[in-house]
Amino acid sequence: MTDMALVRLLEDCLSAHWQSSVTIDNVKQLTGGAASQTTAFDAWAEGTLQPLILRCGDDEHQFENALTKPTEASLLELVYQQGLPVPEVIAHIPASDVSGAGFVMRRLAGEALPKRIFNDARYATARELLAGQCGAVLASLHNIDPRRAAMLESVSVEDDVLRYRERYREFGQCLPVFDLAFRYLLDTPPTPRQAAIVHGDFRNGNILVDEQGLSGVLDWELAHIGNPIEDLGWLCVNSWRFGHVDKAVGGFGDKRALLETYNRGRETDVTERELAYWEVFGVLKWGVICLYQSAIHLQGKQRSVERAVIGRRLSECEADLIRLLKEG
Amino acid sequence: MAIEHPSAEQLLEAISEFLKQSILPALDAPALSYQLRVAINGLGIVGRELNAGGSQQRDEQVLLAEFLGQQGELATLREQLRVHIEGSDAPYRDPALLEMLQKISDAKLAIDNPKYQPVPPLGAGIR
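Chains A and B supply the protein sequences, listed in that same order.
Under our numbering, residues 2 to 329 are what the first sequence spells out, in order.
Under our numbering, residues 3 to 129 are what the second sequence spells out, in order.
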């Protein structure tokens, strides 16, 4: 897609939407595969600057069950209406020869890079508050009636575990630690919880942070309906602590703070014990994603040194899994 | 005997140093610099595997053979362990199995990412 064609497409769509002439400026591609893109840009309409994001197209190599962009947009609209800190969807972009189907949303202010969230002095207060705020936001998300999210797929815990195990086995790598952990997940089912909207990728790196703490929740493409405690366990997976291993919640907070606000927000009694099941689940899920990423390279679908090297992160998953199982 | 002037490890080291000291500072595209750092990291894995990969695999084979009470190729023993895991009652509570798998995993981690800090035990109350 050429920049000029994209600029014209966005100007046309937004002019029609706001019914006034719009000019586009500062187009910057943030991430992008062959077919899917996230692009930041500024729109000028009636003398006002609007910082926006375009998300469009679906990569043929995106992780399975990832939402298409139109589905992601309708989910974002739902959770935005419910008052969650997510970007407001401004316009839907139909598929054309310039881009795949997608949507334009507001660009929220805030920092998403874990390194800056950990180290920058301006986020000192935010770091104190973040774990509790994550618990509160997840509680609000999980309190939404999942029947309102008909666009999402619903999966039982057992089917989800079996599906991840099948993916793992398809890659043909024999990792006994993975087999052992899958066995644990299947033998010792978690406390049943009423099905809820699960974000699916709620972690440090996918949240926006400002001086007051959590300011936005991004990357909803792995959302589904299921046991909501999956989101809490995933947030605690060691990979997302980025070396700050003693801070279990995203490398910035502790589980007690997370569970306290979560349980208060939902009138539940989730314990660290229950969380431990979902941590094992999360590490396995991350392991399967690593296998999947490196397979895309190894099978020649998209050659990339980054995808190749990510395959070697399986050792990290194994080291975490075996320690979690020893506790269990 | 392997060729030693320079050895494969020394050759790798020279390439890594060149990429890190001469190429990385000359790149001004952040995406490319990131990819290059990932590639240099990959070369580090290869270097550690050249150095310790052989003994890691031998140790794994010995541990698996002892645990299973049978001899065999490493790949076969891994498959046998999978069969054992599928066929046992609550294998994830078997301390001998867990100890052995931790030894094997930690040796692999020492090659793939020696700086990685695995998840600390629950008891500390900080998790």
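No residue lacks a Cβ here, since even glycine has one placed at the ideal position from N, Cα and C.
This structure is a prediction, so every number in the text was calculated from the model and none was measured.
Note down, in chain order, each residue of its chain lying with its Cβ closer than 7 Å to the Cβ of A:Pro229, except the 5 sequence neighbours on either side. For A:Pro229, where only same-chain residues beyond five positions count, the Cβ hits under 7 Å are His143, Arg194, Ala197 and Val199.
Reduced DSSP secondary structure (H/G/I, E/B, other) of A:Ala46: It is a strand residue.
Give a yes or no on whether 8 Å exceeds the smallest Cβ distance from A:Met2 to chain B. Note that A:Met2 has pLDDT 47, beneath the 50 cutoff, so the model's placement of it is unreliable and no number is given.
Cutoff 8 Å: A:Asp146 Cβ touching any chain B Cβ: So no, A:Asp146 is outside the interface.
Identify whether A:Asp211 lies in helix, strand or coil by the three-state DSSP scheme. The three-state secondary structure of A:Asp211, taken from DSSP, is strand.
Proximal chain B residues relative to A:Asp185, where beta-carbon distance stays under 7 Å: At residue 185 of chain A the sequence reads Tyr, which differs from the Asp that was named. Under the 7 Å cutoff, chain B gives Tyr94.
Candidates A:Pro177, A:Ile54 and A:Gly111: which alpha carbon is nearest A:Leu285's? Across the set A:Pro177, A:Ile54 and A:Gly111, the C-alpha of A:Pro177 shows the shortest separation from the C-alpha of A:Leu285.
If we call anything under 8 Å between Cβ atoms a contact, is A:Val99 one with A:Ala6? Cβ atoms of A:Val99 and A:Ala6: closer than 8 Å.
Validate contact between the region 205–214 of chain A and the region 160–180 of chain A using beta carbons, cut 8 Å, 3 pairs: Judged by Cβ distances under 8 Å, the region 205–214 of chain A makes no contact with the region 160–180 of chain A, as fewer than three pairs qualify.
Report the partner residues of A:Arg56 according to the DSSP bridge assignment. A:Thr39 and A:Phe104.
7 Å Cβ shell around A:Leu215 - same chain, five flanking residues per side excluded: Same-chain partners within the cutoff: Pro86, Leu131, Gln134, Cys135, Val138 and Ile208.
Pairwise C-alpha distance: A:Tyr81 and A:Leu11: Straight-line measurement puts the Cα of A:Tyr81 at about 23 Å from the Cα of A:Leu11.
Along the chain, where does the beta strand (DSSP E) that runs through A:Val199 open and close? Its beta strand (DSSP E) spans residues Ala197 to Val199.
Could you confirm whether any beta carbon from chain B is found closer than 8 Å to the beta carbon of A:Gly227? Answer no: the Cβ-Cβ gap between A:Gly227 and chain B never drops below 8 Å.
Would you call the CB atoms of A:Trp235 and A:Leu76 closer than 8 Å? It is not a contact, given that the beta carbons lie outside the stated cut-off.
Compare the Cα-Cα distances from B:Asn115 to each of A:Leu233, A:Arg9, A:Ser316 and A:Leu326 and report the closest residue. It is A:Ser316 whose Cα lies nearest to the Cα of B:Asn115.
Is there at least one Cβ from chain B nearer than 8 Å to A:Asn239's Cβ? For A:Asn239, the answer is yes, since a Cβ of chain B falls inside 8 Å of its Cβ.
Would you mind telling me which residues of chain A sit closer than 9 Å to B:Asp114, beta carbon to beta carbon, in chain order? Arg313, Arg314, Leu315, Ser316 and Glu317, listed in chain order.
For A:Ala74, does the count of other Cβ atoms within 10 angstroms reach 16, so buried, or fall short, so exposed? Buried: at least 16 other Cβ atoms inside 10 Å.
B:Glu68: contacting residues in chain A (beta-carbon distance under 9 Å): Against B:Glu68, chain A offers no close residue; the least beta-carbon distance is about 15 Å (beta-carbon pairs closer than 9 Å).
Looking at the structure shown, is A:Glu261 part of a helix, part of a strand, or coil, going by DSSP? DSSP places A:Glu261 in helix when its eight states are reduced to three.
Using beta-carbon positions only, say whether A:Asp321 and B:Pro120 come within less than 8 Å of one another. It is a contact, given that the beta carbons lie within the stated cut-off.
So, A:Glu78 versus A:Arg107, is the Cβ gap smaller than 8 Å? Contact check for A:Glu78 against A:Arg107 fails: the beta carbons are separated by 8 Å or more.
Terminal residues of the alpha helix (DSSP H) in which A:Gly312 lies: Secondary structure note for A:Gly312: it is in no alpha helix (DSSP H), with a DSSP letter that is neither H nor E.
Interface residues of chain A around B:Arg80 at Cβ under 9 Å? Those are Cys175, Leu176 and Pro177, listed as they occur along chain A.
So, for A:Ala277: in the same chain, excluding its five sequence neighbours on each side, which residues have a beta-carbon less than 7 Å away from its beta-carbon? Only Leu325, Glu328 and Gly329 meet the Cβ criterion.
How would you label B:Val85, buried or exposed, when you count the other beta carbons within 10 angstroms and need 16 or more for buried? By the Cβ-count criterion, B:Val85 is exposed, with fewer than 16 other Cβ atoms from all chains shown falling within 10 Å of its own Cβ.
Assign A:Glu319 to one of two classes, buried (16 or more other C-beta atoms within 10 Å of its C-beta) or exposed (fewer than that). Buried: at least 16 other Cβ atoms inside 10 Å.
Determine the burial state of A:Ser1: buried for a count of at least 16 other Cβ atoms within 10 Å of its Cβ, exposed for fewer. A query on residue 1 of chain A cannot be resolved here, the shown segment of chain A reaching from 2 to 329 and no further.
Is the number of C-beta pairs between the region 297–306 of chain A and the region 263–282 of chain A that are closer than 8 Å three or more? No, they do not touch.
Measuring straight from C-alpha to C-alpha, what distance separates A:Lys302 and A:Tyr293? Between the alpha carbons of A:Lys302 and A:Tyr293 lies a distance of about 11 Å.
Which residues of chain B have a Cβ atom closer than 7 Å to the Cβ of A:Val246, listed in chain order? By Cβ distance, chain B contributes Gln119, Val121 and Pro122.
Straight-line gap, A:Ser37 to A:Ala96 (C-alpha atoms, nearest Å): Near 12 Å, if we compare the C-alpha coordinates of A:Ala96 and A:Ser37.
Is there a C-beta anywhere in chain A that falls below 8 Å from the one on B:Asn43? The beta carbon of B:Asn43 sits closer than 8 Å to some beta carbon of chain A.
Member of B:Ser9, B:Pro32 and B:Gln82 whose CA lies at the smallest distance from the CA of B:Gly71: Checked all of B:Ser9, B:Pro32 and B:Gln82; the closest Cα to B:Gly71 is B:Gln82.
Contact residues within the region 96–111 of chain B, judged by C-beta distance below 7 Å to chain A: Cβ contacts with chain A: Leu100, Leu103, Gln104, Ser107, Asp108, Lys110 and Leu111.
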